[in-house]
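Take a look at the structure below.
Protein chains: 2
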Amino acid sequence: MSDQQETGPTMRRLSQLESVVLWNRARQIKRELKQGVKKPYREVIDISWGDPQGGGIKPLSFVRQVLAACHYPQLLNSDKLPEDVRQRAERLLKECAGRSTGSYTATQGIPYIVKGISEFITRRDGGVPSFPNNIYISSGSQWSLQNIFIILVNSMSAVKTGVLTPVPCYDKVNMSIRELGGVTIPYYLHEDQGWELQIEELNRALESAKGVCNPVALYVMNPGNPTGQVQTRKSIQEVIQFASEKKLFLLADEVYQECIYGEKSEFVSYKKVLAEMGPPISETVELASFHSASKGLIGECGLRGGYVELVNVDPAVMEYIYKLFSTDSCASVPGQIALNLMTHPPQPGDPSYSLYNEETQLIQTTLIHNVRRVFEVLNSVPGFSCQPVEGGGFAFPRLHLPLNAIHKAKEAGMQPDEFYCVRLLEESGLLVNPGWNFEQKEGTSHFRMNIMIKEETLEGVLRRLVSFHTKFMKEFS
Amino acid sequence: MSDQQETGPTMRRLSQLESVVLWNRARQIKRELKQGVKKPYREVIDISWGDPQGGGIKPLSFVRQVLAACHYPQLLNSDKLPEDVRQRAERLLKECAGRSTGSYTATQGIPYIVKGISEFITRRDGGVPSFPNNIYISSGSQWSLQNIFIILVNSMSAVKTGVLTPVPCYDKVNMSIRELGGVTIPYYLHEDQGWELQIEELNRALESAKGVCNPVALYVMNPGNPTGQVQTRKSIQEVIQFASEKKLFLLADEVYQECIYGEKSEFVSYKKVLAEMGPPISETVELASFHSASKGLIGECGLRGGYVELVNVDPAVMEYIYKLFSTDSCASVPGQIALNLMTHPPQPGDPSYSLYNEETQLIQTTLIHNVRRVFEVLNSVPGFSCQPVEGGGFAFPRLHLPLNAIHKAKEAGMQPDEFYCVRLLEESGLLVNPGWNFEQKEGTSHFRMNIMIKEETLEGVLRRLVSFHTKFMKEFS
Chain A
254 MSDQQETGPT MRRLSQLESV VLWNRARQIK RELKQGVKKP YREVIDISWG DPQGGGIKPL
314 SFVRQVLAAC HYPQLLNSDK LPEDVRQRAE RLLKECAGRS TGSYTATQGI PYIVKGISEF
374 ITRRDGGVPS FPNNIYISSG SQWSLQNIFI ILVNSMSAVK TGVLTPVPCY DKVNMSIREL
434 GGVTIPYYLH EDQGWELQIE ELNRALESAK GVCNPVALYV MNPGNPTGQV QTRKSIQEVI
494 QFASEKKLFL LADEVYQECI YGEKSEFVSY KKVLAEMGPP ISETVELASF HSASKGLIGE
554 CGLRGGYVEL VNVDPAVMEY IYKLFSTDSC ASVPGQIALN LMTHPPQPGD PSYSLYNEET
614 QLIQTTLIHN VRRVFEVLNS VPGFSCQPVE GGGFAFPRLH LPLNAIHKAK EAGMQPDEFY
674 CVRLLEESGL LVNPGWNFEQ KEGTSHFRMN IMIKEETLEG VLRRLVSFHT KFMKEFS
Chain B
254 MSDQQETGPT MRRLSQLESV VLWNRARQIK RELKQGVKKP YREVIDISWG DPQGGGIKPL
314 SFVRQVLAAC HYPQLLNSDK LPEDVRQRAE RLLKECAGRS TGSYTATQGI PYIVKGISEF
374 ITRRDGGVPS FPNNIYISSG SQWSLQNIFI ILVNSMSAVK TGVLTPVPCY DKVNMSIREL
434 GGVTIPYYLH EDQGWELQIE ELNRALESAK GVCNPVALYV MNPGNPTGQV QTRKSIQEVI
494 QFASEKKLFL LADEVYQECI YGEKSEFVSY KKVLAEMGPP ISETVELASF HSASKGLIGE
554 CGLRGGYVEL VNVDPAVMEY IYKLFSTDSC ASVPGQIALN LMTHPPQPGD PSYSLYNEET
614 QLIQTTLIHN VRRVFEVLNS VPGFSCQPVE GGGFAFPRLH LPLNAIHKAK EAGMQPDEFY
674 CVRLLEESGL LVNPGWNFEQ KEGTSHFRMN IMIKEETLEG VLRRLVSFHT KFMKEFS
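These protein sequences, in sequence, are chains A and B. Quick note on numbering: the first sequence equals residues 254 to 730 in this note's numbering. Quick note on numbering: the second sequence equals residues 254 to 730 in this note's numbering.
The following block contains the structure:
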């Protein structure tokens, strides 16, 4: 399913490059604006990535104070930092070799932090036990995911290894699988049903792989990126049942677990549902669950802290996983610290609690406001339709483009939504991510937009978007 | 050359696990000491890793101050931080999306920092040009190395891909190649000649690969880990000539480039020598050179900042490299900041210069002192021989073990040097890394010890080592 070329020894497989044109052009426009070139806008707003702090969301003071004190322990003597900040920094430094964030840590992460993560998981899952030995911290959850793919994708076998991945899907997932010589088996989320994951579709996808590849794993993302969908407990049960029957390794990407907006939505972890299903399923289905400090209310993308928890994985494979993770010396220590602060935030009564609570509430309120506004505004404009965003960091509105625009895109050698996004960037300075980067259903057009941004930024985004869209639709209708 | 097993879909290749027994035991001993168990020592000294700050070397104040201010910009208003620290932090924050270290960056790294690295390289290499587009920052140089291996190792071809790697070699290098389905082709460094790299040995190794694999690349490490050897310009010329003749991609691991101790030794980069050799070689040999903020005088292992510079690599491959790096969102921002501070330290006249100069001089003096002490002490004790450490972060002394000890090790199911190291740990609380982890020459025994530690720690290490060694040799002679 991926294009391949061979051009000498340094070249392994060159699969289709994602559209970088758009981002290159955005950089160029930014330079032009700096040089004083006149445009109908004063700055480019980039909402193509899921980057809350890049979108103006303020980092949490508690997190940044602890980080500063850990990096520069002289600050521990300053009474300008709250007592609990200094205590936490002290505690964390005690766990670092040489009391320094500049030291390597154990392969799985600083044991104290790993243990803290397992406590967090147990608490989250209402007592389902979690064992530190099954947890690996990495510099971002993507690195953990890549490692699990390395294990799953048997590039040495004659028949290629297949992994079921959703459509639409966060682009780097499919990329990782293919780079390793694996095949992605697309299953389509049902857009009109709020991007629901349907078991009959998983069955269809698995059938389609017959004779093409050897399916070994199923990748799910809940809450979804780019879809914003949140699975129900029942849906998760069905997926686990399916994985059990088909003997598939289950990869549950749950990095947006803190980001739930729908009134009726709640996050339930795959691990919890698996445990609830009881033996034999609860003891046999192999599960890797991913989480990250880049997402959620902490939103520390730049620090690179993620982890994977493994359940029911064969001890021999666990040894191999250890080894694979140890090929990198260790995860970023600032990222590890962020994970500790995410899993053990200030508690009522702590000096930092009130500010922490205020800041996280504000972020929560902003995100809930944003997903409502996007839903309302986009669904009120002809040519747009947008499913409710129940969770996650993005909206993924559908574009109903006029045939003329589709023809024009083809002439320009672009996908329709790429064409739309390039024009949007040029004319309104708004950078969004075209749907074709997410391998949407053939014949549909979308774009992904980051909703983890300041309210006032979002208002500006919607104004630019609606104004451009109306003009665009008129031009091509 | 690697053991392989297949045990179901989740299991790809399980190659021999490195000795983790020793590190597990060390952790256990630490716990026992905490619980008050009586031992002939009060604490475990771990010099098995190349971790300066873990070994008590103080981080550079300038680095930590800038990091603290970047993470917690309120500090920018504090006059307790020097003016140049605040200016640098301001400058770096300006380059972060949303003025935050918590934002994602471009795939290659923050453009300002990447450009700064290319300026550093140009300066280092006496004007040989370096282009930002050829540089990729990653969360540690190991990740860059792994990515280049992914490109080189064609796990889909019928004939396995081979990479020439030195013996002894930093263990994670061979591990990475094998995990990806490649084959390592060992070339032996000449221990008695100060671990010299000899061209006839490269020729022999390449010949030995005939019929076994398809050799595509040559990995060199200069200064050497674990050997401490520093290549001369002539030696580098010979290696480049060899790579050119044999059409091998050259991987030059130069992360210890700042750590030079020998009076007659100097670091010359592969890139500089390549440029000096002129066309056609200078324009055809494909080179990847690696550097890191984990090593050198900055020694910030925990922040995870490394980079690779690519030279003469085909543009189509460069596109593929871009894509591969983009499967991880970006490198750790604290690691990127560390790279900026490493490549652009304070200059004479800057407020931080005098302290910076004092601190780096102290580290430099400590390291030079340490390598001399290790050389003197170990070579004065029967049963040890140690080549001069000209550079890098380690000594790799040879153990001349009595036959009785070798038999005893065999009975215990261990390699002779592993047996020695386990006893050393048990009896003296000293944790070093057995030579067999570095795939030393058959029939020889060594261990690797970190020399980037405080002088007083080293004295304690040498005392424990000599005392144990003398007893051990007596017991088995």
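Heads up, the beta-carbon is just placed ideally off N, CA and C, and yes, glycines get one too.
task: Go ahead and label Ala496 of chain B buried or exposed: buried means 16 or more other beta carbons lie within 10 angstroms of its beta carbon, across all protein chains shown.
output: buried
field: Straight-line Cα distance separating Glu444 of chain A from Arg625 of chain A
entry: 18 Å
message: When you compare the CB of Gln269 of chain B with every CB in chain A, is at least one pair closer than 7 Å?
response: At Gln269 of chain B, the pLDDT of 37 sits below 50, so the modelled position is not reliable; the number obtained from the coordinates is stated separately. Chain A, which has no Cβ nearer than 7 Å to the Cβ of Gln269 of chain B, makes this no.
- prompt: Comparing alpha-carbon positions, which option in B:Gln589, B:Val566, B:Thr485 and B:Gly289 lies nearest Val367 of chain B?
  reply: B:Gln589
Residues that DSSP places opposite Thr437 of chain B in a beta bridge: B:Val416
task: Pull up the CB-CB distance for Gly645 of chain B and Pro439 of chain B, whole angstroms please, since I reckon it's below 8 Å.
output: That belief does not hold up - the Cβ atoms of Gly645 of chain B and Pro439 of chain B are roughly 20 Å apart, past 8 Å.
- prompt: Per DSSP, which one or two residues make a beta bridge with Ile388 of chain A?
  reply: A:Glu562
query: From what residue to what residue does the beta strand (DSSP E) around Tyr609 of chain A run?
result: Here Tyr609 of chain A belongs to no beta strand (DSSP E); instead the alpha helix (DSSP H) covers Tyr606 to Asn632.
- request: Identify, in the order they occur along the chain, each residue of the same chain with its Cβ nearer than 6 Å to the Cβ of Thr613 of chain A, setting aside the five sequence neighbours on each side.
  value: Leu550
- request: For Gly351 of chain A, return the contacting residues in chain B, with the cut-off set at a CB-CB distance below 7 Å.
  value: Gln306, Gly307, Gly308 and Gly309
task: Could you name the residues of chain B that Arg317 of chain A contacts, counting a contact when the two beta carbons are closer than 7 Å?
output: His324 and Tyr325
query: Should Ala321 of chain B be labelled buried (16 or more other beta-carbon atoms within 10 Å of its own) or exposed?
result: So Ala321 of chain B ends up on the buried side.
message: Using C-beta distances below 8 Å, list every residue in its chain close to Phe637 of chain A, excluding the 5 sequence neighbours before and after it, in chain order.
response: Within the same chain, and ignoring the five residues on either side of Phe637 of chain A in sequence, the residues whose Cβ sits closer than 8 Å to its Cβ are Leu631, Pro650, Arg651, Leu652, His653 and His722.
task: Could you name the residues of the same chain whose beta carbon sits closer than 7 Å to that of Thr375 of chain B, not counting the 5 residues immediately before and after it, in chain order?
output: Val381, Pro382 and Ser383
query: Is the shortest distance between the beta-carbon of Gly549 of chain A and the beta-carbons of chain B less than 7 Å?
result: no
field: C-beta atoms of Gly688 of chain A and Phe700 of chain A nearer than 7 Å
entry: yes
Ser633 of chain B burial status per 10 Å Cβ neighbour count (16 or more: buried): exposed
task: For Glu553 of chain A, go through chain E and note every residue whose CB falls closer than 7 Å to its CB, in chain order.
output: The structure shown contains no chain E; the protein chains it does contain are A and B.
Contact check, Ser391 of chain A vs Ala648 of chain A, beta carbons under 7 Å: no
query: Using a beta-carbon distance below 7 Å, is Met254 of chain A in contact with chain B?
result: Residue placement at Met254 of chain A cannot be trusted, given a pLDDT of 30 that sits under 50; what the coordinates show is reported in the next sentence. So no, Met254 of chain A is outside the interface.
message: On a Cα-Cα basis, can you pick out the residue from B:Val436, B:Gly379, B:Gly369 and B:Phe725 that is closest to Pro385 of chain B?
response: B:Gly369
- prompt: What is the DSSP secondary structure of Met726 of chain A, counted as helix, strand or coil?
  reply: helix
task: Evaluate contact between the region 526–542 of chain B and the region 502–515 of chain B, counting only Cβ atoms and requiring at least three cross-stretch pairs below 8 Å.
output: yes
query: Which value, in whole angstroms, describes the spacing of the CA atoms of Val338 of chain B and Val714 of chain A?
result: 36 Å
field: Sequence-distant residues of the same chain with beta carbon closer than 7 Å to Ser371 of chain A, five excluded per side
entry: So the list reads Ser383, Phe384, Pro385 and Ile388, once near-sequence residues are dropped.
Beta-ladder partner(s) of His443 of chain A, from DSSP: A:Glu449
task: Leaving out five residues on either side along the sequence, give the residues of the same chain with a beta carbon under 7 Å from the beta carbon of Glu458 of chain A.
output: Residue identity check: residue 458 of chain A is Ala in the sequence provided, not Glu. Same-chain partners within the cutoff: Leu417, Ile438, Pro439 and Tyr440.
task: Apply the 10 Å Cβ neighbour rule to Arg676 of chain A and answer buried if 16 or more other Cβ atoms are within range, or exposed otherwise.
output: buried
- prompt: So, does the CB of Ala279 of chain A fall closer than 7 Å to a CB anywhere in chain B?
  reply: It does not: the Cβ of Ala279 of chain A has no partner Cβ on chain B nearer than 7 Å.
- prompt: Does the distance from the C-beta atom of Val483 of chain A to that of Ser522 of chain A stay below 7 Å?
  reply: no
query: Met223 of chain A and Gly393 of chain A look like a contact to me (Cβ under 8 Å); what is the Cβ gap, rounded to whole Å?
result: What the structure shows of chain A is the stretch from 254 to 730, and residue 223 of chain A is not part of that stretch, so it cannot be assessed.
message: Please return the same chain residues whose Cβ sits closer than 6 Å to the Cβ of Val412 of chain B, not counting the five positions on each side in sequence.
response: Asn467
task: Could you pull the start and end residues of the alpha helix (DSSP H) that Asn400 of chain A belongs to?
output: Ser394 to Leu405
Per-residue contacts from Ser392 of chain B into chain A (C-beta, under 7 Å): Ser392, Arg557 and Ser585
message: Would Met571 of chain A pass as an interface residue toward chain B - the criterion being a Cβ-Cβ separation below 7 Å?
response: no
message: Between the alpha carbons of Ser356 of chain A and Ala350 of chain B, how many angstroms are there, rounded?
response: 27 Å
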